[in-house]
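For reference, each letter of the sequence shown is one residue, going 54 to 1174 in our numbering.
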Amino acid sequence: MQTKRAEMEIGAVPNELVARLRANIAFCGLDLEKPEHLTIWQAFTEARAPEREPLQFTNVSLDHVFPQAKTKRTSFEGYVERGILKANWLIKHTRLIPAVGVFFFDLDWDEPDFAERKDLAAQNLLNFKRNLSGRDSRLCLVLVQRRASSPVSDNKLAAERAHELTQACEIPLKALFVLQYTEHLLGFIMRLETAIMEQAKGYYSAEYRRMAGQNQLVTKGTYQLLCIRHHFKMATFQELKQDASVAIKHYKQAYILLAELRATDPNLLEVKTIAGIINYKICQLYYEQNAPLEAIHQLRRHMENFKTTVGPPGLAFEHYAWLTKQSQLFGDLFESAIRRGLTPIQTQHPGFYYSSAAQYAVQRKKAARQLCQAVTTYPSPDPLSGADQVPYYGQRPWRAAAAKGEAPDPALEELAIRALQYKERQTNHSSIIIPLLSGAVSQFKKYKGPRIKRHQMVLLAEEYASNSEPDKALSILMHVLIDFRQERWPPLLTRILGTALRVAYLAANPIHFLTLALEYMATWTDCTAEQRDGLLKSVARLLDGQPPGRPFTDLEDTSGLWTEKLQAFKTNGPVQLDMDKVRSCIYCKAYFSSPSYSSNETIELHIYVRSQLPFDVNFITRFNVHFNHNVYDGQCSISDNRVLGLVAGRTHRFSFTFPAGQQHVGTQIKVVGVSMLLGQPEWEGQSYKPLVQLNWTAASLGTHFFRLAWDPIPSRAIKQHREQDFKELPYRLVASIVHREARMAVSWSLETPALVGELLPVRIQLTNNEAGDIGNVKLTLFTAVPNSKSTIVALDPSLAADAGPSVTMDIPPVRSGASQNIEVFIKAAEPGTRELELTAFYETSLVLSEGKNVLCRCHKQDRHKLEAAVAFSLEGHLLNKKLAPVSKLHEGEPFVLAVDVSCIADGGTTLLLGEGQLQPAAHVSIANSGDAMPSIPRSQMEGVQLRAGESARSCYTLEVTPPASGDPPAPLGHYRFYWRRSSYAHWNSAQLTLPAPVILSCPLSLSLEAPAHARVSTPLYISYHLRNRSERVQELSLQVNSSEGFMFAGSKQLSLRIAPGAVKRLQYTLYPLVAGYVALPKLQLLLDPSVAPVEMDSAARDMLPSFIFVMPHSRGTRSPS
């Protein structure tokens, strides 16, 4: 019985081959009404991940009848070839005949009635097997168990009953499977799928070997069609087995045999159909193996082989339909591979193949128009009846299954060709072309091919127009015109404009028609003079509320549609046309006569307008210029039709003058747009007449907008007596409104240089040289870069702490010829040169040239250089009791802090030093004071005057205590003093951070009690006082070294023990031997290292004097002998 199928398109592939071939598995015994069985079925069939086995499942009943097997041939002697590939073979082996039959049965190992259930399972399985009689399909039994159990190998009961069940069912033990309906159901199913796939591979391997054996029974020369069929079937079985490499080998062999086949008009369609199927499978498998270049090369060879095999001349459109389908199918394969992870490149992606398919479809459309135009009736009887039941792919229904070499009936052939031509004439070719072009556009957009994308969009728009969908075509063309205008190639732009103008007329779209007409009439297009005249009249008719004329003579008349659209076309106000996006026949430029205007000058603006039409334009009724300040818009407007008429080939200049607004001083005035109103704004009749406003913005009012891609280079030599080219006209869209030049004199009075840290008084005198009084005077004084942050400006010394780098003040009105004095104070924090900038704003009354009295704002700037120098240096020094510099201090030992001030100011500057304040830190105190709260002594520099190079010093005797253990050295405090120039009354302050010395802790305090001086050969009595400042007993060894200048009497070496807080006194008698500054005997102390690890030699040097002055003999005295 012949299976009835849907008629397949020319060049298409069967639905069974479009998707990836999967092994066909038949399930039996699943009752989908049961929830458990439904869950099992859904787990097998729904949401299959790519990593699962490639299987397809069908659920059949126990009485399902499978296709019966044919008798196997043992010889092909006398076999008559009637076609290449049977149309029902693919669906039979991929959908109907299962590779594996799986019978499901509910049975647990511990079932009470296991014997009865076993017999029922065996009976049902034998019935299922009987239905598959004659087929080599594998058979397996799956037991659905609801209770979890151990594996059969570990379960003695399960092993025994499994053996009984396989014996009863006559199946091997490996064909028995257990599916436990538990929470791990999906895991059991995936393992079961793996086992089923292995059995399916065994079935397809057997089918492949059987087909290979049959192929050995035939010879290629005698049975060409049969050899092709055998290789195709072997490739299909290998593909079902998931062996792609072997499948490709057989598909290629089938293709080679097919290419060697002699193609004639009767069998050409069959050959091309089978070639397309085999080529599709080869390319599909190459993509699945991630070999895209091999697939592309295969398609190129395939198209080259059959590109010229057109067939019967009357059916040439079928050849182009076949070429279209081949490119489209390959594009689909390419896109599917990309979705699976293939990475395309800009020069190879599906868009190229969709575009090629669309081009072949266009050729099919043209061929159909030429060949099918004369066929107006369908022939009778119908030669195409039974087209859905042909036994072989690609055969004609009127000669289906004809023997090889059988001659066709010429009359029937002619009748069938007429029927095919009639059907082709009824085909809507645009419905084929439009999806292909849309796919190409999306692909070229995705893979960054803008130029080819635009070309495909133009073809798509033309196809929409051909399909009587002008609105869609116009939408696409208006979008793509934006890109073509930016590239500025006149031939391309002209062609697209012409197409868009045609479509706009067919769509009866007034706005787009006006826009395109104004652009198409420009001189850079190839529009003829006759067309320009017609378009100009059409624009005038449209503005008058009447339908326009046809822009091209080959267009159909759409006046009725235009009338309907115009009656329904009513807007509130004029229709706005953005001329920035088009290159119309009317050009505009704006030019300010000066780059800047003062507040008392008149602004002059010129607008240049030129029509590129060879005819005068008289339908402009209003002209307006728009500014960034709306107050000027009303002063640049023309509504006189006699002035606004544009003469052909002439540049018109519209000049406007208006005063600058005082509120815009310091800003810019910009031309942001120019607008022209077309139509009759005063019309009050019953019929509607549209108003159109052409708008140019600043982007289209410059020179660059008028240049095209291949404009000639302008020559420097300009011919005499010719009008200047519009591109050469000047343009300036921005002008500055600046302050009128101020008539005010500024003089500075200050003593230089300024001293760092000083509040320097600066006197500024403003003199009014205006003819009238000035008022509302605002003065700003600030320090110009680079030292703006290091200088402050204050109006009063008391405000200096909160002052910044600038100050603003209001000045009372100043009469004409009078002056006003201002005093400010400037303080420089760093030396160097900086600029003081004075900015003055004021208002004065002026009379303009027109006699108008206006209040004018003026602006005055003046700069003065100020040099700042350092006035003095302030340093702090640490001295011991011998007034020698030290870097380390001893705890509790007095030391001297000396603060030095040195005047380093240049010139004759005299500094007067004021009060000095010592601000000691917490660990510093005043030494040698018996007061409980000792006061800090006054500064010894107060009232001292210093000139350049002179210095002053103030000294303080202090003591320190050590910081906490681990803390870094801390400053001893701060010293703050006041100073000023002797010529100024305001005091300035300066502060010095005192040094941060290392403080050493010493347990002993040493002092020497001795007279101020000695005399040679006169005994000198001295005492050393050793005081223990620690809280423990100090044991020490003492040694007095001899000195060349003295003889002494006393303990030279001794050991001492001093209690905490106690003082030990050691007395010595010295006998001076020489006069002068003589070194005293050196005292060496050694403490117990385990108690006080302190180096006492350095402490003794710092605490005790090293020399004493010895006077010589007095006259008349003699030393004792």
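Think of the CB as a built atom: it goes at the ideal place given N, C-alpha and C, for glycine as much as any other residue.
From what residue to what residue does the alpha helix (DSSP H) around residue i run?
i: Trp94; result: 88-98
i: Tyr256; result: 238-268
i: Cys425; result: 403-425
i: Pro345; result: 345-359
i: Glu655; result: The sequence given here places Thr at residue 655; Glu does not occur at that position. No alpha helix (DSSP H) holds Thr655; the beta strand (DSSP E) holding it covers 655-664.
i: Ala1005; result: Careful: Ala1005 lies outside any alpha helix (DSSP H), inside the beta strand (DSSP E) at 1004-1013.
i: Trp615; result: 612-621
i: Thr568; result: 563-573
i: Asp597; result: Note, Asp597: premise wrong, no alpha helix (DSSP H); not H, not E.
i: Gln1044; result: Taken as a continuous stretch (DSSP letters only), Gln1044 belongs to no alpha helix (DSSP H), being part of the beta strand (DSSP E) at 1041-1046.
i: Asp1150; result: 1149-1156
If distances are taken between C-alpha atoms only, which option among the options comes closest to residue i?
i: Gly587; options: Thr578, Met574, Gln599, Asp579; result: Met574
i: Ala328; options: Leu138, Met1164, Arg101; result: Leu138
i: Arg603; options: Gln620, Arg585, Asp597; result: Arg585
i: Phe672; options: Ile722, Asp597, Gln665, His705; result: Asp597
i: Gln416; options: Pro444, Arg452, Gln401, Tyr373; result: Tyr373
i: Pro103; options: Arg393, Thr289, Tyr340; result: Arg393
i: Leu908; options: Ala593, Phe290, Gln715; result: Gln715
i: Gln109; options: His117, Val118, Thr98; result: Thr98
i: Thr396; options: Leu550, Tyr340, Asp610; result: Tyr340
i: Thr833; options: Gly857, Glu890, Gln818; result: Glu890
i: Ser926; options: Ala1132, Gln1044, Ala837, Phe878; result: Gln1044
i: Arg200; options: Arg191, His402, Val231, Gln220; result: Val231
i: Leu1073; options: Val1127, Pro1021, Ala854; result: Val1127
i: Ser408; options: Ser802, Leu512, Ala1001; result: Leu512
i: Gln972; options: Thr568, Arg991, Gln291; result: Arg991
i: Arg507; options: Glu466, Gln479, Asp536; result: Asp536
Are there 16 or more other CB atoms within 10 angstroms of the CB of residue i, so buried, or fewer, so exposed?
i: Ile485; result: buried
i: Ala456; result: exposed
i: Ile309; result: exposed
i: Glu60; result: exposed
i: Gln448; result: buried
i: Ala701; result: exposed
i: Leu346; result: exposed
i: Tyr685; result: buried
i: Asn1041; result: buried
i: Ser851; result: exposed
i: Pro1134; result: buried
i: Val1051; result: exposed
i: Asn343; result: exposed
i: Trp1032; result: buried
i: Gly983; result: Its pLDDT being 49, under 50, Gly983 is placed unreliably by the model, and the measurement read from it follows with that caveat. Result: exposed.
i: Leu194; result: buried
So residue i is in the beta strand (DSSP E); what residue range does that whole segment cover?
i: Ala643; result: 639-645
i: Asn933; result: Unbroken run through Asn933: none, as it is neither H nor E.
i: Trp1032; result: 1026-1034
i: Phe156; result: 153-159
i: His1066; result: 1066-1068
i: Glu876; result: 872-881
i: Cys956; result: 948-956
i: Ala79; result: 76-81
i: Asp863; result: 859-864
With DSSP as the reference, identify every bridge partner of residue i, one or two as the case may be.
i: Ala853; result: Bridge partners of Ala853: none, in fact.
i: Val1131; result: Ile1161
i: Tyr895; result: Cys911
i: Leu812; result: Lys880
Exercise. Hey, is the stretch 210-221 in contact with the stretch 158-165, meaning 3+ C-beta pairs nearer than 8 angstroms?
Worked result: yes
For this session: Please confirm if the stretch 486-499 is in contact with the stretch 442-462, defined as three or more CB-CB distances below 8 angstroms between the two stretches.
Result: no
For this session: Say whether the stretch 124-134 touches the stretch 274-291, bearing in mind that this needs 3 or more beta-carbon pairs closer than 8 angstroms, one atom from each stretch.
Result: yes
For this session: Report yes or no: do three or more beta-carbon pairs, one from the stretch 251-266 and one from the stretch 116-124, lie closer than 8 angstroms?
Result: no
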